[in-house]
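Just below is one structure, and these are the notes that go with it.
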Ligand code: HEC
């Protein structure tokens, strides 16, 4: 009899928690600018995700870029710099100034929807 009580309690707790998580939604108040949308297209065209993660999803060769713009140690100027010149292992994509700005804008949009642990 005790077992059934434990099972019912666990099942109810799991059901309640799941319905809360799924009904919470993914809305955020940050609007994506036209520039950020173009940056997103470049992000996909250049396969940045193959080497970088955002929100924990993506490749592991490069650092997670979820909060690259809002991190105090990194930021927009640093990001644009590495985008324009590449790094030791980060390829130089020979991006135009506009493409680099659009990617920064896209990464800024992502940063706005996330919280950094290092800030
Ligand atoms: C072949 C794998 C690869 C691809 C593709 C790639 N990167 Fe990188 N990236 C790296 C690595 C590795 C680093 C770490 C620095 C280094 O070793 O050069 C890096 C560093 C960075 C950094 C600096 C982050 C930090 O915390 O220092 C940014 C910003 C960045 N990449 C953005 C991009 C964007 C945007 C794209 C797509 C246009 C891209 N990367 C595509 C491998 C890659």
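Numbering (the working numbering), first residue to last: -3 to 115.
In this text, a Cβ means the ideal position worked out from N, Cα and C, and glycines have one as well.
A quick note: this is a predicted structure, and the numbers were derived from the prediction, not measured.
Taking 6 Å as the line, does the beta carbon of residue i fall inside it for any heavy atom of the ligand HEC?
{"i": "residue 80", "result": "no"}
{"i": "residue 88", "result": "no"}
{"i": "residue 24", "result": "no"}
{"i": "residue 85", "result": "yes"}
{"i": "residue 62", "result": "no"}
Exposed or buried, residue i, counting other C-beta atoms within 10 Å across all chains shown (16 or more means buried)?
{"i": "residue 39", "result": "buried"}
{"i": "residue 50", "result": "buried"}
{"i": "residue 24", "result": "exposed"}
{"i": "residue 4", "result": "exposed"}
Suppose contacts are defined by Cβ-Cβ distances below 7 Å. Is residue i in contact with residue j by that definition?
{"i": "residue 93", "j": "residue 34", "result": "no"}
{"i": "residue 91", "j": "residue 65", "result": "no"}
Does DSSP classify residue i as helix, strand or coil?
{"i": "residue 54", "result": "strand"}
{"i": "residue 69", "result": "coil"}
{"i": "residue 27", "result": "coil"}
Which one of the options has the shortest CA to CA distance from residue i?
{"i": "residue 47", "options": "86, 66, 96", "result": "86"}
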